[in-house]
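First comes the structure, then the notes that go with it.
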Amino acid sequence: MCDKTKANRKTGPSVITVDRSLMHNMVEEAIEFCARKTGARSREEALDVILKGDCSVCEYLRYGLARQIGAYLGSVDCHVKAVYVYEPEYGTVADDAGVVKPSFSINLLAWVDRKSAALESIIVSLAEALRDERSQLLCEKASGACFMLDVQIVDDEEVKSRRGYAALVNSLHVRPTALWTRTA
Numbered sequence: 028m029c030d031k032t033k034a035n036r037k038t039g040p041s042v043i044t045v046d047r048s049l050m051h052n053m054v055e056e057a058i059e060f061c062a063r064k065t066g067a068r069s070r071e072e073a074l075d076v077i078l079k080g081d082c083s084v085c086e087y088l089r090y091g092l093a094r095q096i097g098a099y100l101g102s103v104d105c106h107v108k109a110v111y112v113y114e115p116e117y118g119t120v121a122d123d124a125g126v127v128k129p130s131f132s133i134n135l136l137a138w139v140d141r142k143s144a145a146l147e148s149i150i151v152s153l154a155e156a157l158r159d160e161r162s163q164l165l166c167e168k169a170s171g172a173c174f175m176l177d178v179q180i181v182d183d184e185e186v187k188s189r190r191g192y193a194a195l196v197n198s199l200h201v202r203p204t205a206l207w208t209r210t211a
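In the working numbering, the protein residues as written are 28 to 211.
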């Protein structure tokens, strides 16, 4: 837990990296979550269905990863108030039958009381680690967006003024799903 009363007086950018084994463990846990949610008999069966291109099963995997990443961000930075998952408008594309398809990336919104270079560095490191891990999750139909991590950081002032991505926090039309919330 960090002390919110002390300002960070360091000069220069903060660079924080994430141990690659952390993301590997998150992926493994997300596969297990996916197996439980889809009724697969094993982790291997769930992974086999994913690799055969069943996008509905991938949605559970992405959600499982999103939950873990959200909880991790909240645990490592005391300025994180909540983490949400959302479907960006540009990611909801209708197919030939007019069915709306969700985005294939992991789109998170991190609400913080103040932005920091340290949190941004953690997010970049998580995204790089996920890029390294995602090769085991891609089917032949995979796009470049599959399992890519996109985290938008919004602060209290942006939420209050409903500016940019912060407008999603209390949106009536595109309300994000809370993954993690700091308890008082």
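Built from N, CA and C at the ideal position, the CB exists for glycine as well.
Check: Identify whether N134 lies in helix, strand or coil by the three-state DSSP scheme.; Outcome: strand
Check: If I'm right that D62 touches R70 with Cβ under 8 angstroms, what's the distance once you round it to whole angstroms?; Outcome: The residue asked about is misnamed: residue 62 is Ala in this sequence, not Asp. About 5 angstroms separates the two Cβ atoms, so the contact holds.
Check: Apart from the five residues just before and just after V181, which ones in its own chain have a Cβ nearer than 6 angstroms to its Cβ?; Outcome: W138, Y192, A193
Check: Bridge partners for A205 per DSSP, in chain order?; Outcome: Y111
Check: Exposed or buried, what is H106 when buried is set at 16 or more other beta-carbons lying within 10 Å of its beta-carbon?; Outcome: buried
Check: Hey, how far is the Cα of N52 from the Cα of Q95?; Outcome: 10 angstroms
Check: When the Cα of S198 is compared with those of L136, D75, L88, which residue comes out closest?; Outcome: L136
Check: Just to confirm, are M50 and D159 a CB contact at a threshold of 9 angstroms?; Outcome: yes
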